[in-house]
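Here's the structure, in structure tokens; my notes come after.
Number of protein chains: 2
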Amino acid sequence: MSIQDSEAEALLRQRLQAQELRITPNRLSVFRALLQSARPLSVPELAQRLQADGLSVPTLYRIVEVFSAIGVTHPVLVDHQSVGYELREPFRTHHDHLVCSGCGRVVDLYNCDLTDVMAQLGRDNQCRVNFHQVELHGLCAECTAAKTSGPLPR
Amino acid sequence: MSIQDSEAEALLRQRLQAQELRITPNRLSVFRALLQSARPLSVPELAQRLQADGLSVPTLYRIVEVFSAIGVTHPVLVDHQSVGYELREPFRTHHDHLVCSGCGRVVDLYNCDLTDVMAQLGRDNQCRVNFHQVELHGLCAECTAAKTSGPLPR
DNA sequence: TTATTTGCAAAGCGTTTGCATTGGG
DNA sequence: CCCAATGCAAACGCTTTGCAAATAA
Numbered sequence: 167m168s169i170q171d172s173e174a175e176a177l178l179r180q181r182l183q184a185q186e187l188r189i190t191p192n193r194l195s196v197f198r199a200l201l202q203s204a205r206p207l208s209v210p211e212l213a214q215r216l217q218a219d220g221l222s223v224p225t226l227y228r229i230v231e232v233f234s235a236i237g238v239t240h241p242v243l244v245d246h247q248s249v250g251y252e253l254r255e256p257f258r259t260h261h262d263h264l265v266c267s268g269c270g271r272v273v274d275l276y277n278c279d280l281t282d283v284m285a286q287l288g289r290d291n292q293c294r295v296n297f298h299q300v301e302l303h304g305l306c307a308e309c310t311a312a313k314t315s316g317p318l319p320r
Numbered sequence: 167m168s169i170q171d172s173e174a175e176a177l178l179r180q181r182l183q184a185q186e187l188r189i190t191p192n193r194l195s196v197f198r199a200l201l202q203s204a205r206p207l208s209v210p211e212l213a214q215r216l217q218a219d220g221l222s223v224p225t226l227y228r229i230v231e232v233f234s235a236i237g238v239t240h241p242v243l244v245d246h247q248s249v250g251y252e253l254r255e256p257f258r259t260h261h262d263h264l265v266c267s268g269c270g271r272v273v274d275l276y277n278c279d280l281t282d283v284m285a286q287l288g289r290d291n292q293c294r295v296n297f298h299q300v301e302l303h304g305l306c307a308e309c310t311a312a313k314t315s316g317p318l319p320r
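Keeping their order, the protein sequence lines are chains A and B.
Position one of the first sequence corresponds to residue 167 (our numbering), numbered consecutively onward.
Position one of the second sequence corresponds to residue 167 (our numbering), numbered consecutively onward.
The structure is reproduced here in structure tokens:
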């Protein structure tokens, strides 16, 4: 589960201090942008949303790098081509995704009790798992009915 | 499970023809390079391995795009930052990934009996699942051993 | 005060596009 | 023969880097 926004920011400050990293307005701005976003944001997207705050692009890259290094965010492949950054638990409620092959929509799947399964999978491979991301590919309910065959659209 | 290399190429030809796409030496070269690789390959990596064959870089991008469109490959986030392409079932044995937070390597996880779990997850959401991709984030065996505490290395 | 963080400018790549040519079916 | 596929060159956009100035602690 995720926590309240007020607690989230306090926790971020803790995480930064624990690593001897400074609490700066820029870092807080990026964090809030991610908190408010329903989906992962790439650096160009962050730049767009935060252009009023005047953050430079190199700074954005440096911040998401720091956030990912201290476990606040993690990189996700978005749209099969670009890298987005998403808050991790407990900053955001964990969920998984179903990507519909038909219409391309992404359905968020909550309440997937996969944590135990994933932890076991890690143990089987001598790995320590602290986060998992499941992406299902298939057809959503609507597209199952409208399913077609033949060559792909070009 | 995956199939023999000889069958794999025959199946690739089928897939291409079914979509009215042409069987070209370039496409076969890329396919073989992916078949022989133990890990996902980015376009720059493909360019390097296939430079003897003289494929142009734009062609490589077009080919992996086609392969992914017809389900022969799928894109994977490699090293936290770049996009690699990997053969899908049945060209390659299905497996999941552990992305190491420490070194960024992608560790293949085989024998993950998650198909049933994923199918159930789909049913719970009225979706038909025909492919799943699980990405675990954590520490690989080596990094677990080398794990340190305190501030991150700068 | 001091080391970290940031902005700026520029460089470095990865990726895409337009167009003429090649070649598979 | 026809249109898909390719190569080339150039454009484009994302990402990184060096360095000086600003700033959190």
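Idealized CB from N, CA, C, for every residue including glycine.
Nothing here was measured: the structure is a model prediction, and the numbers come from that model.
Check: Cβ-heavy atom distance between residue 229/A and the ligand MG below 8 angstroms?
Finding: This structure lacks the ligand MG, and indeed carries no ligand of any kind.
Item checked: Element boundaries [alpha helix (DSSP H), containing residue 309/B] -> 307-311 is the extent of the alpha helix (DSSP H) around residue 309/B.
Item checked: Residue(s) in a DSSP beta bridge with residue 168/B -> Looking at the DSSP assignment, residue 168/B forms no beta bridge with any residue, so it has no partner.
Margin query: Please state the DSSP three-state secondary structure of residue 212/A.
Written below: DSSP, reduced to helix, strand and coil, places residue 212/A within a helical segment of the structure shown.
Check: For residue 262/B, which residues does DSSP report across the bridge?
Finding: Residue pairing from DSSP places residue 262/B in a beta bridge opposite 275/B.
Check: Span of the alpha helix (DSSP H) holding residue 206/B?
Finding: That residue, residue 206/B, is in no alpha helix (DSSP H); it is neither H nor E in DSSP.
Check: So, are the CB atoms of residue 280/A and residue 288/B less than 9 angstroms apart?
Finding: No, the pair does not count as a contact, with Cβ atoms beyond the cut-off.
Checklist line | Reduced DSSP category for residue 197/B - H, G, I as helix; E, B as strand; rest coil | finding: In the structure shown, residue 197/B sits in a helix (DSSP, three-state: H, G or I).
Next item on the list: Determine, using beta carbons only, whether residue 295/B comes closer than 9 angstroms to chain A.
Entry: Interface residue, yes.
Next item on the list: Would you give the residue range spanned by the beta strand (DSSP E) that residue 231/A belongs to?
Entry: Where residue 231/A is concerned, there is no enclosing beta strand (DSSP E), although the alpha helix (DSSP H) around it starts and stops at 223-235.
Next item on the list: Can you give me the Cβ contacts of residue 271/B inside the same chain, cut-off strictly under 7 angstroms, excluding the 5 residues immediately before and after it?
Entry: Closer than 7 angstroms at the Cβ level, and outside the excluded window around residue 271/B, lie 306.
Check: Would you say residue 171/A faces chain B, with C-beta separation under 9 angstroms as the test?
Finding: Chain B contact via Cβ: absent.
Next item on the list: Please work out which residues of its chain come closer than 6 angstroms, Cβ to Cβ, to residue 200/B, disregarding the five sequence neighbours upstream and downstream, and give them in chain order.
Entry: Result list for residue 200/B: 253, in chain order.
Notebook entry, point to check: Which first and last residues belong to the alpha helix (DSSP H) in which residue 187/B is found?
Noted result: No alpha helix (DSSP H) holds residue 187/B; DSSP gives it neither H nor E.
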